[in-house]
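Chemist: Quick one: the structure is below, questions incoming.
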């Protein structure tokens, strides 16, 4: 099998590539990545000899057409994904998430290639803290930021291309990922690397916002289950029943790293900060037989801490610039 992975030098994509090379020797992986600030070829250094790497933009139609024509499956991870960045400059999110997805869909339509689209639970908006409901594939879209609205737009393009043109496509909307190779601007790695540096973690607002956490390796095993056994045209929600509020995440990190549970600082909340996400992944489990391998969020968090401690050479070059940017924002 020849698999084209867009965004394969980013967080989730790089982990997908590592996992595929490790567990599926019969699959040849080609990575297409523009290597923006969130993508780093160093994330693929350990598997570089086993894959084909192409630096390029998913909106480059001739390049995309050539690579799609050489593939059996396209798995589309590439996206601008950081909410804070989308609030300060929305255009890159429109360019990559909407125009890029359109470019890929046209290519898979021309070549008749199987396509899987990676998306987010943020397209559904948020839930109240005391609401027992969870997101399902029938939940109406209600995005609240330029990031989530462009991801919702890309999802709708996929649905239209499947229905109108017969594209062999599926979609997955996943809850918040964590694990190795995640940029230090993101919530969990930022707090871990702050603690490694002896800096107190920072928590938006009062820390009541709830996210449904899943280890990136569990996400990627679910993606393979959908690619191999999923029903064309279906949307599958990926989650590991990992609802935890941000305050508890920080307190657990502090405890695991040998610090007092209250050794953090509150900073101003970001605009439009969604209150709660929660995924109902029952279809994925019952229809495709998928289950997460990490038994608890705490176990996955401990493994993630170990990875950042052991891989300072990977994240250190990004740290100073990230904290300088947050300092200008008062966060």
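Numbering (full-length UniProt numbering), first residue to last: 1 to 331. For glycine and all other residues, C-beta sits at the position ideal for the given N, C-alpha and C.
Here's the rule: buried if 16 or more other CB atoms are within 10 angstroms of the residue's CB, otherwise exposed. What is residue 232?
Modeler: exposed
Chemist: Going by CA-CA distance only, name the one from 168, 132, 173 that's closest to residue 148.
Modeler: 173
Chemist: So, do the stretch 102–122 and the stretch 148–165 have three or more beta carbon pairs nearer to each other than 8 Å?
Modeler: yes
Chemist: I need the DSSP call for residue 209, collapsed to helix, strand or coil.
Modeler: coil
Chemist: My guess is that residue 134 and residue 245 are in contact by the Cβ rule of under 8 Å, so how many angstroms apart are they, rounded?
Modeler: The Cβ separation is near 16 Å, so there is no contact.
Chemist: In the DSSP output, which residue or residues are listed as bridge partners for residue 203?
Modeler: 266, per the DSSP bridge assignment.
Chemist: Within the same chain, show all residues whose beta-carbon is closer than 6 Å to that of residue 290, passing over the 5 residues directly before and after it, in chain order.
Modeler: 222, 225, 284
Chemist: Suppose contacts are defined by Cβ-Cβ distances below 9 Å. Is residue 123 in contact with residue 75 by that definition?
Modeler: no
Chemist: To the nearest angstrom, how far is it from the Cα of residue 128 to the Cα of residue 278?
Modeler: 10 Å
Chemist: Are residue 104 and residue 162 close, meaning C-beta to C-beta below 9 Å?
Modeler: Going by beta carbons, residue 104 and residue 162 fall outside the 9 Å limit.
Chemist: Can you give me the start and stop residues for the alpha helix (DSSP H) that residue 193 sits inside?
Modeler: 187–196
Chemist: Apart from the five residues just before and just after residue 169, which ones in its own chain have a Cβ nearer than 6 Å to its Cβ?
Modeler: 115, 158, 162
Chemist: Which whole runs of the beta strand (DSSP E) in the stretch 62–149 are 3 residues long or more, in chain order?
Modeler: 73–76, 114–120
Chemist: Which one or two residues does DSSP pair with residue 2 in a beta bridge?
Modeler: 28
Chemist: Between which two residues does the alpha helix (DSSP H) holding residue 227 run?
Modeler: 216–229
Chemist: Quick one: is residue 96 buried, meaning 16 or more other Cβ sit within 10 Å of its Cβ, or exposed?
Modeler: buried
Chemist: Going by alpha carbons, who is nearest to residue 298 out of 25, 188, 282?
Modeler: 188
Chemist: So the beta strand (DSSP E) residue 236 belongs to, where does it begin and stop?
Modeler: 235–238
Chemist: Quick check: residue 35 and residue 58, are their CB atoms within less than 9 Å of each other?
Modeler: The Cβ atoms of residue 35 and residue 58 do not sit closer than 9 Å to each other.
Chemist: With 16 as the cutoff for other CB atoms within 10 Å, does residue 306 come out buried or exposed?
Modeler: exposed
Chemist: Identify the continuous beta strand (DSSP E) that holds residue 41 and give its terminal residues.
Modeler: From DSSP, residue 41 is part of no beta strand (DSSP E); its letter is neither H nor E.
Chemist: In this structure, how does DSSP classify residue 169 when only helix, strand and coil are distinguished?
Modeler: strand
Chemist: Should residue 304 and residue 178 be called a contact, given that it needs their Cβ atoms to be closer than 9 Å?
Modeler: yes
Chemist: Under DSSP, the beta strand (DSSP E) around residue 55 begins and ends at which residues?
Modeler: Under the DSSP assignment, residue 55 falls in the beta strand (DSSP E) whose first and last residues are 52–55.
Chemist: Taking only the alpha-carbon atoms, compute the straight-line gap between residue 249 and residue 10 and give it to the nearest angstrom.
Modeler: Between the C-alpha atoms of residue 249 and residue 10 there is a straight-line separation of about 23 Å.
Chemist: Nearest-angstrom Cα distance between residue 319 and residue 312?
Modeler: 10 Å
Chemist: Which residue wins for smallest C-alpha separation from residue 50, given the options 22, 60, 64, 247?
Modeler: 22
Chemist: Could you pull the start and end residues of the alpha helix (DSSP H) that residue 326 belongs to?
Modeler: 312–328
Chemist: I want to know whether the stretch 189–201 touches the stretch 84–93 - three or more CB-CB distances under 8 Å.
Modeler: no
Chemist: Does the distance from the CB of residue 27 to the CB of residue 108 come in under 9 Å?
Modeler: no
Chemist: Can you check the stretch 259–308 for any alpha helix (DSSP H) of at least 4 residues that lies completely inside it and give the ranges in chain order?
Modeler: Complete alpha helix (DSSP H) runs here, min 4: 282–288.
Chemist: Closer than 7 Å by C-beta to residue 260: which residues in its own chain qualify, once you throw out the five before and the five after it? Chain order, please.
Modeler: The answer, listed in chain order, is 254.
Chemist: Run through DSSP, which three-state label would residue 245 get?
Modeler: strand
Chemist: Given residue 269, which residues of its chain have a CB within under 7 Å of its CB, disregarding the five upstream and five downstream residues?
Modeler: 204, 205
Chemist: Could you have a look at residue 33 and say whether DSSP puts it in helix, strand or coil?
Modeler: strand
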